[in-house]
Amino acid sequence: MRYGTFDDEHREYVITNPKTPVKWINYIGTLEFGGIVDHTGGGIVCKGDPALNRITKYIPQNPASDFKGETLYLRLHNHPGYKVFSPFFVPTLDAYDKYECHVGLSYQRIVSEFYGIRTQVTIFVPLGAHVVVRDIQITNISPVPKMLDVIPVVEYSHFDALKQLTNADWVPQTMTVDAVSDRFGHVIHRQYAFMKKNTAINYFTSNYTVDSWETDRKLFLGDNEYGTWKDPQALHKVRLSNHQARRGDNISALLHCLGTLQPGETRRIVTQLGQAQNIDAALDSIMRFRNPSNVDQAFDALHSFWDGYLATLQAQTPDAAFNSMVNVHNPRQCHTTVNWSRDLSLYQLGFGGRGMGFRDSSQDIMGAMAHMPDVCLALLQKLLSVQKADGSAMHQFYASTMEANEGDSREKPGHRFYGDDHLWVVLAVCAYLKETGTFDLLDQEIPYYEKGVPLDQRPRGTVLDHLERALAFTKAQRGRHGLPLLGFADWNDTVNLPGKAESLFVANQYALALREIIALMEHLGRNDRCAQYQADYEEMREAINIHAWDGDWYVRYFEEDGTPLGSSTNEHGKIYVNSQSWAVLSGVAPEERAHKAMDSVQRLLNTRFGIKLSWPGFHSFDPSKGGITTYPPGAKENGGVFLHTNPWCMIAETMLGRGDQAFQYYQQINPATRNDAIDQYECEPYSYPQNILGNEHPQFGLARNSWLSGTASWTYQAATQYILGVRPTYKGLLIDPCIPRAWKDYTVRRQFRGCQYVVTVHNPKGVCKGVRTVVVDGAALEGNVVPVFQDGATHTVEVTLEA
Ligand code: IFM
12 MRYGTFDDEH REYVITNPKT PVKWINYIGT LEFGGIVDHT GGGIVCKGDP
62 ALNRITKYIP QNPASDFKGE TLYLRLHNHP GYKVFSPFFV PTLDAYDKYE
112 CHVGLSYQRI VSEFYGIRTQ VTIFVPLGAH VVVRDIQITN ISPVPKMLDV
162 IPVVEYSHFD ALKQLTNADW VPQTMTVDAV SDRFGHVIHR QYAFMKKNTA
212 INYFTSNYTV DSWETDRKLF LGDNEYGTWK DPQALHKVRL SNHQARRGDN
262 ISALLHCLGT LQPGETRRIV TQLGQAQNID AALDSIMRFR NPSNVDQAFD
312 ALHSFWDGYL ATLQAQTPDA AFNSMVNVHN PRQCHTTVNW SRDLSLYQLG
362 FGGRGMGFRD SSQDIMGAMA HMPDVCLALL QKLLSVQKAD GSAMHQFYAS
412 TMEANEGDSR EKPGHRFYGD DHLWVVLAVC AYLKETGTFD LLDQEIPYYE
462 KGVPLDQRPR GTVLDHLERA LAFTKAQRGR HGLPLLGFAD WNDTVNLPGK
512 AESLFVANQY ALALREIIAL MEHLGRNDRC AQYQADYEEM REAINIHAWD
562 GDWYVRYFEE DGTPLGSSTN EHGKIYVNSQ SWAVLSGVAP EERAHKAMDS
612 VQRLLNTRFG IKLSWPGFHS FDPSKGGITT YPPGAKENGG VFLHTNPWCM
662 IAETMLGRGD QAFQYYQQIN PATRNDAIDQ YECEPYSYPQ NILGNEHPQF
712 GLARNSWLSG TASWTYQAAT QYILGVRPTY KGLLIDPCIP RAWKDYTVRR
762 QFRGCQYVVT VHNPKGVCKG VRTVVVDGAA LEGNVVPVFQ DGATHTVEVT
812 LEA
């Protein structure tokens with residue numbers, strides 16, 4: 012426990028040593044208003060769009076010891092002079108007696124003790140509000156009276172986050188802060204960029220008397236900015252300058268003089284950093300959160316939101332780390348990915364390059380839909396609206412404008428599509444229908460995307476039409492073996508083969524999408540549509556098995572001339588994991604090949620930090636292969652442990668009945684089990700990262716790009732639907748566990764279509780898979796699909812396994 016521990020009772024991770032190997036972050040609010048807060052109190056805040064409406068300036072590449080975005084200083088009157096320190100450790104780096112950062116569900120609470128002063132700061136965005144509240148409680152825990160001042164500080168970004176970094180004249184010329192007093196005498200800083208003055212202002216205020224304030228960084232740090240954030244010179248003067256910045260690097264620093272705190276005495280100050288059209292528009296909100304009891308209520312409401320969100324599924328298994336992830340941190344990360352897609356993290360910096368990814372968000376939805384179906388439906392509808400009339404999809408879009416683009420495929424003439432994007436939405440819609448049973452969605456009309464054409468003039472189609480066009484697009488785009496074309500890339504963005512290369516990932520994904528549509532049509536009694544799709548499925552299965560079986564595994568790609576990639580005949584990239592796992596997921600691999608392929612994954616790709624994406628890595632740049640060869644061997648897609656692919660192997664193993672193997676794959680990427688190697692791993696132990704360096708790299712085991720990864724959704728699906736085996740179907744809740752033999756029993760409480768199912772699984776014979784009996788509310792059930800009850804009641808489901 013070098014840096015912290017899980018506190019499952021409070022659904023927190025508690026960091027107890029601030030010198031983590033990299034900043035460990037948490038999310039507050041949503042994309043509508045919110046951002047990230049690191050474990051030393053720094054934060055990126057934005058409203059609606061981190062690229063075009065950013066509020067705080069946070070430059071992640073600067074050293075961990077630096078001030079970033081927001082902080083808090085305290086100063087003790089030492090007579091003469093002051094002892095200035097930050098209860099967040101950064102940026103003053105004083106020795107602490109206690110430091111805890113409670114990484115909570117949409118809140119960060121930093122509790123520290125320095126110089127006999129205990130400070131607790133709770134940082135959150137109240138539900139639906141456009142303000143970050145910092146609830147600061149300061150207690151004198153020493154035996155003597157202490158005279159104390161409190162100075163919260165924010166540094167603003169230009170609203171255009173990229174401009175802030177690329178133009179050091181225009182940006183500071185436009186930035187302004189002025190100070191106003193409301194009718195209660197409270198100071199409010201109004202910060203804006205000149206051109207936005209009449210449409211949006213940022214404000215910073217508190218509920219305590221402000222002695223004096225500063226808005227210009229240069230004056231705050233002092234000495235022509237040769238002063239530092241570690242020891243700002245302004246804080247050694249009795250008062251701040253009350254200067255209203257008309258240009259420059261804008262900050263808000265508010266000096267509150269608390270006077271003398273007697274031993275045991277506590278004071279509470281609430282700061283607010285918000286955005287509104289003007290101060291008048293913000294006043295109601297400002298007044299509301301000036302009142303600490305409203306802050307308490309808002310915090311309780313946030314708690315209740317998470318109670319509801321997490322109540323959708325709670326499991327008790329014999330494995331504590333599994334329980335911790337499945338009950339709290341994994342579904343929480345799914346919520347985060349639905350909100351932020353791949354836009355804003357400490358690694359994906361929200362400067363406008365990405366926005367919402369079509370394939371990413373389609374998959375994110377699949378992890379969170381049981382917990383927040385309405386939010387997921389709204390996102391699904393947005394995704395369908397950036398699908399094109401030919402069935403393919405735009406690669407990414409910006410949620411604030413709904414403007415979409417083709418991603419990197421724009422760069423290659425003749426490749427203006429990704430082989431996989433559109434097929435993800437087929438899987439997402441089918442998953443949504445299984446979860447909610449709202450089949451009328453299929454008849455809803457949604458426009459197809461056409462750049463430059465007004466929304467009401469775009470061609471439209473029903474959701475079912477969208478799905479069918481997606482399948483038709485892939486069917487029409489096939490290469491020399493009858494396998495789907497890769498386009499610019501498939502799920503693996505970095506293999507960019509010229510010409511009409513074929514993708515085995517897309518082939519299997521297409522086959523799985525066909526299976527899903529067939530099951531849907533059967534369920535709806537539209538058997539007329541099934542025969543053709545069944546024939547398409549058989550055709551694809553045959554093509555894959557005839558052309559792509561390499562002897563011990565499936566190849567991954569065919570170049571235009573028919574040369575395989577991902578074959579034992581290749582020098583680099585002999586085997587890729589996705590063509591193995593997906594051949595099982597799609598049902599394409601016959602049993603013997605399925606076992607062989609997954610055994611090859613185990614033998615050639617597995618490491619103690621997870622399964623590698625491919626092996627061996629490329630050793631030098633080769634433009635004919637694409638982005639994969641820009642990484643050294645073992646990094647990212649070039650043979651790294653690309654975590655997103657691991658849950659697909661877990662699912663494949665459960666489909667083969669190999670529960671021990673599935674669970675081993677689960678455990679070896681569970682960040683909650685990383686304490687043994689945390690200095691090697693470096694990232695947060697409470698969220699899945701995107702990538703870990705593979706064993707061809709000298710820094711094997713180093714994780715990066717935490718939080719915004721498809722790993723969250725798929726690991727959650729693998730754990731809940733395939734290992735615990737509680738899986739929504741059109742007809743009801745399928746119970747089909749595949750667990751480690753050692754698990755004797757476990758319970759899952761699952762809300763599904765308005766009812767609560769309490770599923771208890773008994774495993775008296777120590778098997779991995781095989782349901783012998785299911786008893787629902789005391790009566791034996793035929794089969795293992797628990798029907799949909801319409802009564803809103805709680806139903807008990809007793810399951811016994813036997814091979
Ligand atoms: O699948 C992609 C994802 O869409 C973005 N990050 C990288 C993944 C693998 O290339």
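For what it's worth, this note's numbering labels the leading residue of the sequence shown as 12, then goes sequentially.
Just so you know, even glycine gets a beta-carbon here, dropped at the ideal spot from N, CA and C.
Keep in mind the model is a prediction, meaning the values are calculated, not measured.
query                                                                                                                                                            : result
Taking only the alpha-carbon atoms, compute the straight-line gap between Ala-190 and Val-56 and give it to the nearest angstrom.                                : 21 Å
Are Ile-121 and Phe-99 close, meaning C-beta to C-beta below 7 Å?                                                                                                : yes
Grab the span of the alpha helix (DSSP H) containing Ile-376 for me, first residue to last.                                                                      : 369 to 379
With hydrogens ignored, establish whether the beta-carbon of Arg-489 is closer than 6 Å to any heavy atom of ligand 1.                                           : no
Take every Cβ of the region 630 to 637, pair it with every Cβ of the region 589 to 606, and state whether three or more of those distances are shorter than 8 Å. : no
Are Gly-712 and Val-796 close, meaning C-beta to C-beta below 7 Å?                                                                                               : no
Mind checking whether the beta-carbon of Trp-502 lies closer than 6 Å to any heavy atom of ligand 1?                                                             : yes
Give the DSSP-derived three-state secondary structure of Phe-484 in the structure shown.                                                                         : helix
From what residue to what residue does the alpha helix (DSSP H) around Glu-550 run?                                                                              : 541 to 558
For the alpha helix (DSSP H) containing Leu-294, list its first residue and its last residue.                                                                    : 290 to 301
Indicate the three-state DSSP secondary structure (helix, strand or coil) for Arg-228 in the structure shown.                                                    : helix
So Glu-527 is in the alpha helix (DSSP H); what residue range does that whole segment cover?                                                                     : 515 to 534
What is the DSSP secondary structure of Met-186, reduced to helix, strand or coil?                                                                               : strand
Using the three-state DSSP reduction, which class does Arg-353 fall into: helix, strand or coil?                                                                 : coil
Quick one: is Lys-248 buried, meaning 16 or more other Cβ sit within 10 Å of its Cβ, or exposed?                                                                 : exposed
Helix, strand or coil, according to DSSP, for Val-249 in the structure here?                                                                                     : coil
Looking at Thr-185 and Phe-205, is the spacing between their C-beta atoms short of 7 Å?                                                                          : yes
For Val-155, tell me which candidate among Gly-275, Trp-224, Arg-228, Leu-138 has the shortest Cα-Cα distance.                                                   : Gly-275
Which partner residues of Val-785 appear in the DSSP bridge assignment?                                                                                          : Val-810
State buried or exposed for Thr-731, treating a residue as buried only when at least 16 other CB atoms are found within 10 Å of its CB.                          : buried
Quick check: the Cα distance between Ser-396 and Ala-500, rounded to an integer number of angstroms?                                                             : 22 Å
Judging by CA-CA distance, which residue of Gln-762, His-254, Glu-111, Val-778 is the nearest neighbour of Ala-753?                                              : Val-778
Could you please give me the residues that DSSP links to Asp-49 through a beta bridge?                                                                           : Ile-36
Here's the rule I'm using: 16 or more other beta-carbon atoms within 10 Å means buried, otherwise exposed. How should Val-221 be labelled?                       : buried
Sorted by chain position, which residues of the same chain lie with C-beta nearer than 7 Å to Ser-76's C-beta, five sequence neighbours on each side aside?      : Val-101, Pro-102, Leu-104
Roughly how far, in whole angstroms, is the beta-carbon of Ser-698 from the beta-carbon of Ser-717, given that I think they are within contact range, below 8 Å? : 5 Å
For ligand 1, is there any heavy atom lying closer than 6 Å to the beta carbon of Arg-370?                                                                       : yes
Would you report the Cα separation of Ala-729 and Met-661, rounded to the nearest angstrom?                                                                      : 6 Å
Within 10 angstroms of the Cβ of Glu-111, are there 16 or more other Cβ atoms? Answer buried if so, exposed if not.                                              : buried
With a 10 Å radius around its C-beta and 16 neighbouring C-beta atoms as the bar for buried, classify Gly-281 as buried or exposed.                              : It is worth fixing the name first, because residue 281 is Val in this sequence and not Gly. Val-281 comes out buried.
Per DSSP, what kind of secondary structure is Arg-685 in: helix, strand or coil?                                                                                 : helix
Name the one or two DSSP bridge partners that Met-158 has.                                                                                                       : Thr-271
On the DSSP bridge list, what partners appear for Asp-18?                                                                                                        : Glu-23
What's the gap between the Cα of Lys-94 and the Cα of Leu-246?                                                                                                   : 9 Å
Report all residues from its chain with a CB closer than 7 Å to the CB of Phe-231; omit the five preceding and five following residues, and keep chain order.    : Glu-225, Pro-243, Ala-245, Ile-262, Ala-264
Verify whether the separation of the beta carbon atoms of Glu-545 and Ile-557 is less than 7 Å.                                                                  : One point to set straight first is that residue 545 is Gln, not Glu, in the sequence displayed. Contact: no.
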